[in-house]
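6 is the number of the first residue of the sequence shown in my numbering; add one for each residue after it.
Every residue gets a Cβ at the ideal spot worked out from N, C-alpha and C, and that includes glycine.
What follows is one structure encoded as structure tokens, with my remarks underneath.
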Amino acid sequence: MARPCAAGGGAGGGGGGGGFPRQPGGPQGGSSSGRGRGRALKDIRVDEEVEIAVSAALERFRYGDEKEMEFPSSFTNIERAFVHRLCQSLGLVSKSRGKGSNRYLTVRKKDGSEVIHAVMTCCLVPTTKHAIQRLIQRFPVTSKERTELLPKTERGNAFAVEAENREINKASGRLNSGIPQVPVKRGESEFDYFRQSLPVFEKQEEIVKIIKENKVVLIVGETGSGKTTQIPQFLLDDCYKNGIPCRIFCTQPRRLAAIAVAERVAAERREKIGQTVGYQIRLESRVSPKTLLTFCTNGILLRTLMTGDSALSTVTHVIVDEVHERDRFSDFLLIKLRDVLQKQSNLKLIISSAALDANLFIRYFGSCPVIHIQGRPFEVKEMFLEDILRSTGYTNKEMSKYKKEKQREVKQQSTLTEWYSAQEDSSKTESQRQRSVPNLSEEYNLMDDVGDTVFNQLTEKDANCLEPWLIKEMDSCLSDIWLHKDIDSFAQVFHLILTENVSVDYRHSETSATALMIASGRGFLSQVEQLISMGASIHCKSSNGWMALDWAKHFGQTEVVDLLESYSASVEFGNLDESSLVQSSGNDLEAEDRELLKAYHHSFDDEKVDLDLIMHILYNICHTSDSGAILIFLPGYDEIVSLRDRILFDDKRFADNAHRYQVFMLHSNMQTLDQKKVLRSPPSGIRKIILSTNIAETSITVNDVVFVIDSGKMKEKSFDALSCVTMLKTVWISKASAIQRKGRAGRCRPGVCFRLFSRLRFQNMLEFQTPELLRMPLQELCLHTKLLAPINCPIVDFLMKAPDPPPALIVRNAVQMLKTIDAMDPWEDLTELGYHLAELPVEPHLGKMVLCAVVLKCLDPILTIACTLAYRDPFVLPTLASQKRAALLCRKRLTAGTFSDHMALLRAFQAWQKARSDGWERTFCEKNFLSQATMEIIIGMRTQLLGQLRASGFVRARGGADIRDVNTNSENWAVVKAALVAGMYPNLVHVDRGNLVLTGPKEKKVRFHPTSVLNQTQYKKIPPANGQAAAVQALPTDWLIYDEMTRAHRIANIRCCSVVTSVTVALFCGPARLPRNALQEPSLLRGDGVSNENSDSELEDEANSNSALLKLDEWLHLKLDSEVACLLLQLRQKWHSLFLRRMRAPSKPWSQIDETIIKAIITVLSTEEQAAGLQQPSGIGQRPRPMSSEELPLASAWRSTSSRNSSAETELPDDSSNAEKILMKSMPPEFQPKKYNKKKHFALQTNIR
């Protein structure tokens, strides 16, 4: 069973997933994993057997098909209370019924039935009404349009639709067809001696013989054995010798590797690329009719197989390389290849890897031979974290402070114990003097523009630097709040934080408790909210190791527990806490090492990578040895860019001698030019430093590496299928990866591997990485399955054939979502929209958003927003509370009063591009809390996505539907939001004005995530006490869309939200095909015509008698005037039939009627947006200026794909706009934009033709 993520509540997986600790204290107290979760009431104590059994039963129920389950009547009251509490944390509904021995407890899944339908209204201003009337009078809805938009009652001819769509899509991302031929004789080359020295060469005859005799062969070859480049050549050479025709496909998990290996193999045969040896990746290929060995990505071979099983009929060998990476495509390929092997007798499958879980694959394919090939590395010395700290003497300020703090901690713990046991005395004591506290709400209400920059420069004072009176005052306030529940003291705490720059995370000097911990333990909910909004950290620990969450749990503050858990569930952290590991298992360490590690972990956040320590090691290497390339493994592009900047610009020890170093960056999203340079040896006296993600683990081999610095971390996308939340987390690598990375050092001479993790951590790592199939959103996968599986095979049945199949419930949920967004029909057949979504390299809902933007002609802003949502939030969250607040203000300013997080993303990108063209993007990013690396990747993703739209015919080179035409309405924010709504549905919440809360289809109460700009009502330094209600009250309309919801206990948080009008919801939400009874006329609603007894007047009766109900789905029921309802329904039908026509024939010229329909829709959207008082900022449609090939960064993105052939950016005019003004305010005058010479410093040069 797959483990649910933290957001689901039972992250422990397996039996004890939802267990509760006896004592909340200790190092695990604040863990966000399952065992630390959900306890709020001290008195719920059950036997461990009951705890484990209940947790396991509920976990099975969540992932199973049953709608309801029952617990036995023999349960005690306490055991029932335990079940109720656990159900709450897992998002289940539980009820006890009956009395005495007949009292039993039932549990069911939320289906939306428990949500009360609020009144959802929709009315139009007269101008809008007239616009729709005019359109419908000129072009009434035809009977054909009506019929086409009714739900299907019988299955269409899936074979015909599939054949037609396969024909349309054939050109994109498929391997060229060809016939097997006898290879030509290999040419002699300079590499022959090197080839013969490789370990794999000794086994050439054995390998060829075993492959001939078996259908499936597993090859486990250590790093550097030569398996990737040589085995395909052994097959070519054998076929040449024996005159046998062959045709070989060899897959790689990454496009970079496919190109590198193909070019190397061609060079070894003394041929040009594209003759016998070629490569093909998405939107780029170098093959010819003579090509017999094609290197490609896993995705390309999959797309080829989508054209039908005959796709491999002329192929003799398929080699799937690096299968240990277990990416979704390789696992997926194996399902399909296993099926094809049974039908195609002449096909041979070779599975090759450096670190293979051989038994899994032997079971999967039946008994098949395994060939082991030794590597040829020299000895590599290992240095773990404790060895590095000991031998290099590394230390930092925080480590020095730690020893002093340790002595204080013992005293603090005893005071803390006194606090916990202190009798609650609510009476005021003499020590509480009258404090003259200013009226905060008035003094700190609104900030002027200048205030923003001042705010930006605030640095909180370290507790050691505070004046004695301040420490005394803060301690006194915190003591009064805790010991006497003196809630008024918070006003003084807030006052000191703002006027004296005291940190919001100030620790009480005698107990080390923060204001957040105290508020949590006392259950002061609104102060907890205020403190979090002011940037208080939920991860701070008091001297006994408790975080605010543990305080709330220990003192039974249920509502605060819910609130804190909902926030911690949505923080993008993996489970990387090293210090708790040292405490729990540190007995195996020597005393000196244990203390060293404790001091180090105290000083450094394990969620990050310690770049200071890496620079320290780098400097040591450069000073103790003269030569040898250094390979540094980092989790992601952010860390790569930061470290590159330190080496080239910031660290004087290196920057002043930059001519002595060649710095290269390796990342799967990069162009190939840099990667070719990496493989060359540097000139004498120059040292090569390579900064790489895990791509250099196996895919690319750099022969002259002597030193490896391994951060031990990688970026991994994980998806909680039950809460539908995707997170890009930094996680620890597996043991297999750690061994691979070490093996990269001793290629040409003995080497050293520096590991930034302890021996203890290494022992606790997973053996192999979790397969991507078990941790990714499955909607995208289900679309691909549909193209691979036999037509009548249900998706869930096909995916159950995977080596590690995902849980069936998760697959079914994904299929249901695809039906909801019109990508699939009730029989699981792909719709016209579904076929296009399968082609686009983004998740289906983002793909739909982009396609709607093409039809609404507002493509460019949506490209930016969709790519940002597909990758990650470009705003970085600083650790200092004052900077957190400043970062939120930056976001707020970018929204320009639009009540939209999406606007902040768009304008941040546009302002960054302007700064980039002026040469000061680094300073710009630092000032505005943006990630330079994320921005660069988004540019590459935009290019790739646009390339695919061109390949599918949606964007044309010239004439109608060219890049200008599809951006006609890009300046109109109301239209851009319509595309957002169409893509985001069903992620929609409604404003309940009566109770001032947000509600969703399955949620009674939804809150804004603290990072959303909608969470801050105005630029307030001190958030209002009832922050959420104030935020809801300020909303100008009754509807919001959101990108993702994180859930923990009873609280759901939404992040990345935008306010939208009810007319946008009425037109763009819900399925395209509505049943005939979707519009219920007034006569139907009145029933038997009895008048309403409760109405205050006859007028109300009359109004109600004319109200119709438009049901767009089970939850979304709009109450509106009868005439308005008919008009909106007809405009909906016009939109959906137009959208359907564009999906069927993307490149067909637009008709005059279609243009008129779009114009009418735009009038309606704009008028209603204005009527709601929403802002229309200028400059949002500006498109990126043309860029030279050297400036373009990562040319592709998050899949193994590339785009050399097409780039929107290379042909767009430079629109003059006000982007540079957007954030200039936040630049202090001393920051004059400085240009620096990129070409001189950067080894990263990309080349897009």
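Checklist entry - Quick one: any contact between the region 322 to 329 and the region 253 to 262, if contact means 3 or more CB pairs under 8 Å? => result yes
Checklist entry - What span of residues does the alpha helix (DSSP H) with M522 cover, start to end? => result What you label residue 522 is simply residue 517 of the sequence shown in a count that begins at 1. Taken as a continuous stretch (DSSP letters only), the alpha helix (DSSP H) holding M522 covers 520 to 527.
Checklist entry - Helix, strand or coil for G456 per DSSP? => result Locating residue 456 in the sequence shown gives position 451, where the first residue counts as 1. Residue placement at G456 cannot be trusted, given a pLDDT of 35 that sits under 50; the coordinates are not used to answer.
Checklist entry - Should M805 be labelled buried (16 or more other beta-carbon atoms within 10 Å of its own) or exposed? => result Indexing the sequence shown from 1 puts residue 805 at position 800. By the 10 Å Cβ count, M805 comes out exposed.
Checklist entry - If you draw a straight line from the C-alpha of R108 to the C-alpha of Q93, how long is it? => result The sequence position of residue 108 within the sequence shown is 103, counting from 1. The sequence position of residue 93 within the sequence shown is 88, counting from 1. Cα to Cα, the separation comes out at about 20 Å.
Checklist entry - Which residue's Cα is closest to the Cα of V801: M770, T775, T825, E833? => result Locating residue 801 in the sequence shown gives position 796, where the first residue counts as 1. It is E833 whose Cα lies nearest to the Cα of V801.
Checklist entry - Got a sec, what are the start and stop residues for the beta strand (DSSP E) D715 sits in? => result The count along the sequence shown starts at 1 and reaches residue 715 at position 710. Note, D715: beta strand (DSSP E), 710 to 715.
Checklist entry - What's the call for T422, buried or exposed, on a 16-neighbour Cβ count within 10 Å? => result Here residue 422 refers to the residue found at position 417 of the sequence shown. Exposed: under 16 other Cβ atoms inside 10 Å.
Item to check | Secondary structure of V881, DSSP reduced to three states | outcome: Reading the sequence shown from its first residue, position 876 is the one you call residue 881. Looking at V881 - three-state DSSP - the assignment turns out to be coil, as it is neither helix nor strand.
Item to check | Reduced DSSP secondary structure (H/G/I, E/B, other) of V88 | outcome: To locate residue 88, count along the sequence shown from 1; it is residue 83. V88 falls in the helix class under three-state DSSP.
Checklist entry - Would you call the region 1068 to 1079 and the region 977 to 994 touching, i.e. three or more CB-CB distances under 8 Å? => result yes
Checklist entry - Exposed or buried, which one is V124 when buried takes at least 16 other CB atoms within 10 Å? => result By 1-based counting over the sequence shown, the position of residue 124 is 119. Exposed: under 16 other Cβ atoms inside 10 Å.
Next on the checklist: Looking at I224: is its Cβ nearer than 8 Å to the Cβ of I376?
Outcome noted: Against the sequence shown, residue 224 aligns to sequence position 219. Against the sequence shown, residue 376 aligns to sequence position 371. In contact: I224 and I376 (Cβ atoms closer than 8 Å).
Checklist entry - Would DSSP call K747 helix, strand or coil? => result In the sequence shown, the residue the question calls residue 747 occupies position 742. K747 falls in the helix class under three-state DSSP.
Item to check | Inter-stretch contact at 8 Å, needing at least 3 Cβ pairs: the region 812 to 831 / the region 919 to 939 | outcome: no
Checklist entry - Relative to the C-alpha of P1182, which residue among R912, L1132, E931 is closest? => result Locating residue 1182 in the sequence shown gives position 1177, counting from the first residue. The shortest C-alpha separation from P1182 is found at R912.
Checklist entry - According to the neighbour-count rule (16 or more other Cβ atoms, all chains shown, within 10 Å of its Cβ), is W474 buried or exposed? => result The count along the sequence shown starts at 1 and reaches residue 474 at position 469. When all chains shown are included, W474 counts as exposed.
Next on the checklist: Can you tell me where the alpha helix (DSSP H) holding C930 begins and where it ends?
Outcome noted: Taking the first residue of the sequence shown as position 1, residue 930 is located at position 925. Its alpha helix (DSSP H) spans residues 926 to 932.
Item to check | Nearest candidate by alpha-carbon position, reference N247, set R90, F254, V213 | outcome: Taking the first residue of the sequence shown as 1, we reach residue 247 at position 242. It is V213 whose Cα lies nearest to the Cα of N247.
Checklist entry - Sorted by chain position, which residues of the same chain lie with C-beta nearer than 6 Å to P29's C-beta, five sequence neighbours on each side aside? => result Here residue 29 is taken as the residue at index 24 of the sequence shown, counted from 1. Confidence at P29 is low in this model, with a pLDDT of 32, below 50, so its placement is unreliable and the value that follows should be read with caution. The residues are D555, K558, H559.
Item to check | Whole-Å CB distance - I253 paired with L307, under 8 Å assumed | outcome: One-based indexing of the sequence shown puts residue 253 at position 248. One-based indexing of the sequence shown puts residue 307 at position 302. At roughly 17 Å, the Cβ-Cβ gap does not stay under 8 Å, so I253 and L307 are not in contact.
Item to check | Bridge-paired residues (DSSP) for H322 | outcome: On the sequence shown, residue 322 is found 317 positions in, with the first residue counted as 1. In DSSP, H322 forms a bridge with I253, K353.
Checklist entry - Under 8 Å, do Q379 and P204 count as touching if we go by C-beta distance? => result The count along the sequence shown starts at 1 and reaches residue 379 at position 374. The count along the sequence shown starts at 1 and reaches residue 204 at position 199. Taking 8 Å as the Cβ cut-off, Q379 and P204 qualify as a contacting pair.
Checklist entry - Using DSSP with H/G/I as helix, E/B as strand and the rest coil, what is D242? => result In the sequence shown, counting from the first residue as 1, residue 242 sits at position 237. DSSP places D242 in helix when its eight states are reduced to three.
Checklist entry - Just how far apart, CA to CA, sit L616 and N933? => result Locating residue 616 in the sequence shown gives position 611, where the first residue counts as 1. Locating residue 933 in the sequence shown gives position 928, where the first residue counts as 1. For L616 and N933, the distance between alpha carbons rounds to 22 Å.
Next on the checklist: I'd like the ranges of any alpha helix (DSSP H) spanning at least 4 consecutive residues and lying wholly in the region 900 to 961.
Outcome noted: 906 to 922, 926 to 932, 937 to 956
Checklist entry - Which two residues bound the contiguous beta strand (DSSP E) that contains T302? => result For this step, residue 302 is matched to residue 297 along the sequence shown. It spans 298 to 302 - the beta strand (DSSP E) in which T302 sits, taken as one unbroken run.
Checklist entry - S148 bridges to which residues according to DSSP? => result Taking the sequence shown and counting its residues from 1, the one referred to as residue 148 is at position 143. Answer is none; S148 lacks a bridge partner.
Checklist entry - Just checking my contact of L602 with S763 at CB under 8 Å: how many whole Å lie between their CB atoms? => result To locate residue 602, count along the sequence shown from 1; it is residue 597. To locate residue 763, count along the sequence shown from 1; it is residue 758. With 8 Å as the limit, L602 and S763 qualify as a contact, their Cβ atoms being about 6 Å apart.
Next on the checklist: I'd like to check one pair, A58 with G226: are the Cβ atoms closer than 8 Å?
Outcome noted: Taking the sequence shown and counting its residues from 1, the one referred to as residue 226 is at position 221. Taking the sequence shown and counting its residues from 1, the one referred to as residue 58 is at position 53. No, Cβ-Cβ distance for G226 and A58 is not below 8 Å.
Checklist entry - What separation, rounded to the nearest whole angstrom, lies between the Cα atoms of L1249 and T1066? => result For the purposes of this step, residue 1249 is identified with residue 1244 of the sequence shown, where counting begins at 1. For the purposes of this step, residue 1066 is identified with residue 1061 of the sequence shown, where counting begins at 1. Low confidence applies here, because L1249 scores a pLDDT of 32, under 50, leaving its location unreliable and the question unanswered by this model.
Item to check | Coil, strand or helix - R1078 by DSSP | outcome: Here the question's residue 1078 lines up with position 1073 in the sequence shown. Three-state result, R1078: coil.
Next on the checklist: Would you call the region 739 to 750 in contact with the region 383 to 403, where contact means no fewer than 3 C-beta pairs closer than 8 Å?
Outcome noted: yes
Item to check | Option nearest D1126 by Cα separation, candidates L110, L129, A541 | outcome: Position 1121 of the sequence shown, counted from the start, is the residue given in the question as residue 1126. Nearest C-alpha to D1126: L129.
Item to check | Proximity to L786 [Cα-Cα], best of P156, R333, S481 | outcome: As a working mapping, residue 786 is identified with position 781 in the sequence shown. Among P156, R333, S481, the Cα nearest to that of L786 is on R333.
Item to check | Run of the beta strand (DSSP E) containing H1122, from where it starts to where it stops | outcome: In the sequence shown, residue 1122 corresponds to position 1117, counting from 1. Per DSSP, H1122 belongs to the beta strand (DSSP E) from 1122 to 1126.
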